[in-house]
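Peer 1: Below are the structure tokens for one structure; questions will follow.
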């Protein structure tokens, strides 16, 4: 299978090839995916591993072979019981604690290590004996075991005699079956490296909490704790199994019920948005990560509205779309389409939290999906051309309702903007001007009231000339509005799209002329190059 | 006075719903529903937006909403190609030109001459390693090369480790001298390889200088990224031998330790040794087995270590198991041999079970001496015998081989040629067996001079 994607469709997690083959993946037993609007899937990639949080009942890891595995192992809940056994060479008193390991048996690599279980009671005093650990806990996360690939082992850590306070790796117990082991390894022979201090599980390890947001930055996973929505948690570098106590609280704590509302992983900074502020985390490691406030009264309204492309971030806030790049943060919608976002005339602003977006690198567009005014689904989308700095839309399709947007790569590794819809399909652009197999694209274009720089002067508008790309077929309907700013629609004009240039009828008399154009035939393309309107000034009334 | 309005910037200004009608610029729109720009040959124009077509031909998730997706960062999945080694010298019939048998699906095999030929134990000393030594590691095939001059032949050279990545076959490492023997005395041959971690794998070699059962041996971590051999444990003093003069026949990692099994030839007493990298400074004898038992295979299964043996003459073939407290007992005991060797080798964990390739000389029915056995953590059972393959007439004197869990989710065993003495016996060809469930086995290939090792490459 060539290049492929992971797609959550309803309650299923699927792998989809560029050829469109959709295959449902098997989730760990007991793990389900939610379709609730507050539980949108949050994906992140770290190396060859992909992670899914928020929608599943536990955080999931999808490996390169598309095995779906819990991201973390629950820690042991019981401590081994230590006894002294005749034989052996060890003397003294000891304590032991255990972790669970998920080992890739094809490489021997430990890919996940759980936090520590409880520490055992101090052993009896050994006198040239074996130290035996009985009742070694068994992991309940057997769903993490993948036949011939991943196996749960146990790792026992031991103190030096005393018992000492530091724990050192003592012995691994392969598999999740045996509950007893003995060893007489001397203190001197214990590993010189003490037990790791970075072990820890994130929210979402069990179903009582979750990572509501997820991002990959600086070789780490970053998430937001559902139980402390102002808190950002993160892993050790390169490890998705070690979350330790890595945590930032993004102020102001408890300001609202939404907490952190979006991540924006740029090259040198991780943007962290709240409803009214935008922060960035900078630094290269846990010792120098720091949180810096970038702006107040600008935040991230919808996590899915955040798109990063070429280290430029676009995101939706309450009053428009913002761009964050090396030159700062600025609105790209003010002065052009601010009214889309600040009035109720265009979109349902109460659903901005549900907006989603992607990038169209072919046409240099930021593509933002919003709910039409009065509607409760994200059934419109607008586009921002980040090269020309122009806005287009609102667009609409008449056959199905988009439900998500993302960037996928085709078989040739060409980035392709896609949208998912409400009927289980993933859509991409096609050159044929048809949605699906037969639905026409209803295209409406409304221009300005041309006043010829003399809005107060009555004019006579002559024959309209339309220059367009020559098409095989098609007719464009042009409705002129001639008069004042309240001009009514004039008689519609049909312009053939097969000619390239067409002189059309005279438009009439008025101070202004405005053209509205519509095309609504499936399979037909329309490309307008320009138009000309001769006019004569008649005078001032 | 007449004039003309010319608008040729339709794709340059876009929508503006903020300015009042008079302030709008010519070329701006107040609505552009389903109109957009196209920089690919239509710059400056305005065009109907592209249509949308479904990527998937049938609805996913039962026709429910697509809630999100992510493109995976790698562009292609990997293609598996399996390789089974072929020995150089003709065991039966003429010497083969093929160096390996190869398959991309595990079921159809053909001869190839790349990679180059692997070495095998009998080529240089009949009582040493029976199997060709090969190992898949990080999606590449590593194997002991046959491109050196073995000690003590004049102008001997160092045994080699070669790597085949699916495209290029390269020499990536040479076993270092054992300075306790001589500053310019090359090792004799590579006798075992085993997985260790993602950066390195284990290589054992028999050293030159003192042939046969008195030869010293060493174990290394080999780092394929730079060809470095890092010796595990000390080198014995001049005149002494490591591992009680045993050849390292097999290795595995168990309970955080490296375990090795030794072959000491004939009626020798095989041993297991253990070592913790980074902690231990010397190898510890884990167990010394009885006379006539040499250790030919090790596998960690459900927290215990299993050892397959080569047993001599009247000794019953045994698979031993080491408990978690370090006690070795017999897990399987077969029929005593009558006159030759029995071998229980190629211990391989597949799914929830442990498998073993065996030749038991004491089995009365000579057509049923070669078997595959399965241990389900409770008892051993035979899941395949050679005569099920319709090859009852095969000479069945010895067996060597390797098990492999392939990236295709199947278990493979390669049985080496079974009768070195039958110089023209085509029925003693080597066999490649494949099973996807451990129960149903298919002979996917038979080939003259197949010697028992198998590995694979995974390429984009």
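Residue numbers (our numbering), protein chains in the order written: chain A, 84 to 624; chain B, 31 to 490. Don't be surprised by glycine CBs; every beta carbon is placed ideally from N, CA and C. Note that the coordinates shown come from a computational prediction; the quantities given were computed from them, not determined experimentally.
Could you pull out every unbroken beta strand (DSSP E) segment of at least 3 residues lying fully inside the region 411-462 of chain A, listed in chain order?
Peer 2: Listed in chain order, the complete beta strand (DSSP E) runs (minimum 3 residues) inside the region 411-462 of chain A are 411-414, 439-443 and 448-453.
Peer 1: In its own chain, which residues sit with a C-beta less than 8 Å from the C-beta of residue 477 (chain A), not counting the 5 before and 5 after it?
Peer 2: The residue you call residue 477 (chain A) lines up with position 394 of the first chain. Cβ neighbours of residue 477 (chain A) beyond the five flanking positions: 423, 429, 430, 453, 455, 463, 464 and 465.
Peer 1: Quick check on the DSSP output: the beta strand (DSSP E) that includes residue 116 (chain A) runs from which residue to which?
Peer 2: If you number the first chain from 1, residue 116 (chain A) lands on position 33. First-last for residue 116 (chain A): undefined, no H or E at that position.
Peer 1: Cα separation between residue 399 (chain B) and residue 350 (chain B)?
Peer 2: In the second chain, counting from the first residue as 1, residue 399 (chain B) sits at position 369. In the second chain, counting from the first residue as 1, residue 350 (chain B) sits at position 320. Roughly 19 Å separates the two Cα atoms.
Peer 1: Please confirm if residue 101 (chain B) has its CB atom under 8 Å from at least one CB of chain A.
Peer 2: Residue mapping note: residue 101 (chain B) aligns to position 71 of the second chain, counting from 1. Residue 101 (chain B) counts as touching chain A.
Peer 1: With a threshold of 8 Å between beta carbons, is residue 138 (chain A) in contact with chain B?
Peer 2: Taking the first chain and counting its residues from 1, one reaches residue 138 (chain A) at position 55. Yes, because at least one Cβ of chain B sits closer than 8 Å to the Cβ of residue 138 (chain A).
Peer 1: Does DSSP put residue 97 (chain A) in a helix, in a strand, or in coil?
Peer 2: As a first step, residue 97 (chain A) is located in the first chain; it is residue number 14 there, counting from the start. DSSP places residue 97 (chain A) in strand when its eight states are reduced to three.
Peer 1: Assuming contact is defined by CB atoms lying nearer than 8 Å, are residue 356 (chain B) and residue 265 (chain A) in contact in what I supplied?
Peer 2: Residue 356 (chain B) sits at position 326 when you count from the first residue of the second chain. Residue 265 (chain A) sits at position 182 when you count from the first residue of the first chain. Yes, they are a contact pair.
Peer 1: I need the DSSP call for residue 423 (chain B), collapsed to helix, strand or coil.
Peer 2: Here the question's residue 423 (chain B) lines up with position 393 in the second chain. Its pLDDT being 47, under 50, residue 423 (chain B) is placed unreliably in this model, and the value from its coordinates should be taken loosely. Note: residue 423 (chain B) maps to coil in three-state DSSP.
Peer 1: Go to residue 391 (chain A), then tell me how far its beta strand (DSSP E) extends in each direction, as first and last residue.
Peer 2: Indexing the first chain from 1 puts residue 391 (chain A) at position 308. First-last of the beta strand (DSSP E) with residue 391 (chain A): 390-392.
Peer 1: Residue ranges of each alpha helix (DSSP H) run of no fewer than 4 residues wholly in the region 189-227 of chain B, ordered along the chain?
Peer 2: Correct list: empty.
Peer 1: State the Cα-Cα distance for the pair residue 94 (chain B) and residue 272 (chain A), rounded to the nearest angstrom.
Peer 2: Here residue 94 (chain B) refers to the residue found at position 64 of the second chain. Here residue 272 (chain A) refers to the residue found at position 189 of the first chain. So the two alpha carbons sit approximately 59 Å from each other.
Peer 1: Of all the options A:203, A:133, A:186 and A:172, which has the alpha carbon lying nearest to the alpha carbon of residue 164 (chain A)?
Peer 2: As a first step, residue 164 (chain A) is located in the first chain; it is residue number 81 there, counting from the start. When only C-alpha atoms are compared, the closest one is A:203.
Peer 1: Between the C-alpha atoms of residue 437 (chain B) and residue 433 (chain A), what's the straight-line distance to the nearest angstrom?
Peer 2: Taking the first residue of the second chain as 1, we reach residue 437 (chain B) at position 407. Taking the first residue of the first chain as 1, we reach residue 433 (chain A) at position 350. The alpha-carbon atoms of residue 437 (chain B) and residue 433 (chain A) are separated by roughly 50 Å.
Peer 1: My output table needs one value for residue 77 (chain B): the three-state DSSP class, helix, strand or coil.
Peer 2: As a first step, residue 77 (chain B) is located in the second chain; it is residue number 47 there, counting from the start. Residue 77 (chain B): strand per DSSP, three-state reduction.
Peer 1: Please list the segments of the beta strand (DSSP E) lying wholly inside the region 103-161 of chain A, counting only runs of 3 or more residues, in order along the chain.
Peer 2: Segments of the beta strand (DSSP E) lying fully in the region 103-161 of chain A: 105-107, 125-129, 132-136, 143-145 and 151-153.
Peer 1: Rounded to whole angstroms, what's the CA-CA distance from residue 453 (chain B) to residue 480 (chain B)? Just pull it up for me.
Peer 2: Residue 453 (chain B) sits at position 423 when you count from the first residue of the second chain. Residue 480 (chain B) sits at position 450 when you count from the first residue of the second chain. Reliability of the predicted coordinates at residue 453 (chain B) is poor, the pLDDT of 43 falling under 50, and the value obtained from them is presented with this limitation in mind. Whole-angstrom Cα-Cα distance: 14 Å.
Peer 1: I'd like to know whether the C-beta atoms of residue 681 (chain A) and residue 530 (chain A) end up nearer to each other than 8 Å.
Peer 2: This structure cannot settle anything about residue 681 (chain A), because the visible part of chain A is limited to 84 through 624.
Peer 1: In chain B, which residues lie less than 7 Å from residue 627 (chain A) when you measure between Cβ atoms?
Peer 2: A query on residue 627 (chain A) cannot be resolved here, the shown segment of chain A reaching from 84 to 624 and no further.
Peer 1: Would you please state the rounded distance, in angstroms, between the beta carbons of residue 517 (chain A) and residue 606 (chain A)? I believe it to be under 8 Å.
Peer 2: Here residue 517 (chain A) is taken as the residue at index 434 of the first chain, counted from 1. Here residue 606 (chain A) is taken as the residue at index 523 of the first chain, counted from 1. With 8 Å as the limit, residue 517 (chain A) and residue 606 (chain A) qualify as a contact, their Cβ atoms being about 5 Å apart.
Peer 1: Is the CB-CB distance between residue 162 (chain A) and residue 214 (chain A) below 8 Å?
Peer 2: For the purposes of this step, residue 162 (chain A) is identified with residue 79 of the first chain, where counting begins at 1. For the purposes of this step, residue 214 (chain A) is identified with residue 131 of the first chain, where counting begins at 1. Contact flag unset, no.
Peer 1: Of all the beta strand (DSSP E) runs that stay within the bounds of the region 484-514 of chain A, which reach a length of 3 or more residues?
Peer 2: Whole beta strand (DSSP E) segments, 3+ residues: 485-492, 498-504 and 509-513.
Peer 1: Would you give the residue range spanned by the beta strand (DSSP E) that residue 233 (chain A) belongs to?
Peer 2: By 1-based counting over the first chain, the position of residue 233 (chain A) is 150. Start and end: 233-242.
Peer 1: Note down, in chain order, all residues in the region 557-571 of chain A with a beta-carbon under 9 Å from any beta-carbon belonging to chain B.
Peer 2: Under the 9 Å Cβ criterion, the region 557-571 of chain A contributes 568.
Peer 1: Assign residue 480 (chain A) to buried or exposed, taking buried as 16 or more other Cβ atoms, counted over all protein chains shown, within 10 Å of its Cβ.
Peer 2: As a position in the first chain, residue 480 (chain A) is number 397, starting the count at 1. So residue 480 (chain A) ends up on the buried side.
Peer 1: What do you get for residue 361 (chain B), buried or exposed, if any count of 16 or more other CB atoms within 10 angstroms of its CB means buried?
Peer 2: Stepping through the second chain from its first residue, residue 361 (chain B) is reached at position 331. The residue in question, residue 361 (chain B), is buried, as its Cβ has 16 or more Cβ neighbours within 10 Å.
Peer 1: Out of A:600, A:618 and A:620, state which residue places its alpha-carbon closest to the alpha-carbon of residue 63 (chain B).
Peer 2: Taking the second chain and counting its residues from 1, one reaches residue 63 (chain B) at position 33. Checked all of A:600, A:618 and A:620; the closest Cα to residue 63 (chain B) is A:600.
Peer 1: To be precise: take each residue of the region 386-420 of chain A, compare its Cβ to all Cβ atoms of chain B, and keep it if any distance is under 7 Å. Which residues remain?
Peer 2: Of all residues in the region 386-420 of chain A, 418, 419 and 420 have a Cβ within less than 7 Å of some Cβ in chain B.
Peer 1: Going by beta-carbon coordinates alone, are residue 575 (chain A) and residue 560 (chain A) separated by less than 8 Å?
Peer 2: The residue you call residue 575 (chain A) lines up with position 492 of the first chain. The residue you call residue 560 (chain A) lines up with position 477 of the first chain. The answer is yes: Cβ separation under 8 Å.
Peer 1: Taking a Cβ distance cut-off of 9 Å, strictly less, list which residues of the region 509-533 of chain A are near chain B, in chain order.
Peer 2: Per Cβ criterion, the list reads 509, 510, 511, 512, 513, 514, 515, 516, 517, 518, 519, 520, 522, 524, 525, 526, 527, 528, 529, 530, 531, 532 and 533.
Peer 1: Kindly say whether residue 425 (chain B), judged by its beta-carbon, lies nearer than 8 Å to any beta-carbon of chain A.
Peer 2: Taking the second chain and counting its residues from 1, the one referred to as residue 425 (chain B) is at position 395. With a pLDDT of 46 at residue 425 (chain B), under the threshold of 50, the modelled position of that residue is not reliable, and no figure is offered here.
Peer 1: Indicate whether the contact test is met: 3 or more Cβ pairs, each with one atom in the region 46-53 of chain B and one in the region 479-494 of chain A, closer than 8 Å.
Peer 2: Segments in contact, no.
Peer 1: Just the Cα atoms here: how many angstroms apart are residue 343 (chain B) and residue 393 (chain B)?
Peer 2: What you label residue 343 (chain B) is simply residue 313 of the second chain in a count that begins at 1. What you label residue 393 (chain B) is simply residue 363 of the second chain in a count that begins at 1. Approximately 13 Å between the Cα atoms of the pair.
Peer 1: Restricting to Cα atoms, I'd like to know which of B:353, B:58 and B:387 is closest to residue 528 (chain A).
Peer 2: Within the first chain, numbered from 1, the residue matching residue 528 (chain A) stands at position 445. The residue with the shortest Cα to Cα distance from residue 528 (chain A) is B:58.
Peer 1: Tell me whether the beta-carbon of residue 211 (chain B) lies closer than 8 Å to the beta-carbon of residue 246 (chain B).
Peer 2: By 1-based counting over the second chain, the position of residue 211 (chain B) is 181. By 1-based counting over the second chain, the position of residue 246 (chain B) is 216. Result yes, Cβ atoms of residue 211 (chain B) and residue 246 (chain B) sit closer than 8 Å.
Peer 1: Measuring CB to CB, does residue 485 (chain B) end up less than 8 Å from residue 108 (chain B)?
Peer 2: Along the second chain, read from residue 1 onward, the residue named residue 485 (chain B) stands at position 455. Along the second chain, read from residue 1 onward, the residue named residue 108 (chain B) stands at position 78. No, the Cβ-Cβ distance between residue 485 (chain B) and residue 108 (chain B) is not below 8 Å.
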